[in-house]
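Peer 1: Numbering that gives the first Met the number 0 applies: residue 0 is where the sequence shown begins, and numbers increase by one.
Have a look at this one before I ask anything.
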Amino acid sequence: MTAARTRLVKGPIDTPYEGGMFELAIVVPDQYPLVAPSVRFRTKIFHPNIHWKTGEICLDILTSAWSPAWTLRSLCQAVVALMSGKTREAACQFSPKQSTELRCRQPAS
């Protein structure tokens with residue numbers, strides 16, 4: 000049975016998000032942990048890896064790099080690391096025709 004959850008994460012120290020609390024909407028599929036959960040921000044946030052309108056997160060572990068070793072806790076920690084800029088993720092690209100279509104650019108080597 001698919002489960003919907005919410006989690007609060009603190010804005011990382013020494014970032015513009017410091018002191019903020021950010022709500023994540025997490026949908027855990029029946030196939031979890033073999034299939035990645037769906038995660039998005041419910042709190043409005045401006046970040047190059049987060050869709051400004053839908054809150055979708057461009058993070059490789061949510062798509063191509065998912066592993067059953069990831070827990071929901073470690074997933075939330077990865078989102079906080081993304082907010083702090085301590086990841087190699089490149090900025091998201093959005094389709095010009097469909098503003099809600101999310102595509103992640105590959106990080107530069």
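In this text, a Cβ means the ideal position worked out from N, Cα and C, and glycines have one as well.
At the level of alpha carbons, what is the spacing between PHE21 and THR70?
Peer 2: 19 Å
Peer 1: Cutting at 7 Å between CB atoms, please list the residues of its own chain near VAL26, excluding the five before and the five after it.
Peer 2: THR1, ALA3, PRO36 and SER37
Peer 1: Using three-state DSSP, classify MET0 as helix, strand or coil.
Peer 2: Residue state, collapsed to three classes: coil.
Peer 1: Please list the terminal residues of the continuous alpha helix (DSSP H) segment that includes THR80.
Peer 2: Per the sequence presented here, residue 80 reads as Ala, with Thr not at that position. Segment 71-83, the alpha helix (DSSP H) holding ALA80.
Peer 1: Please list the segments of the beta strand (DSSP E) lying wholly inside the segment 15-50, counting only runs of 3 or more residues, in order along the chain.
Peer 2: Secondary structure within the segment 15-50: the beta strand (DSSP E) runs of 3 or more consecutive residues, fully enclosed, are 20-27 and 37-40 (chain order).
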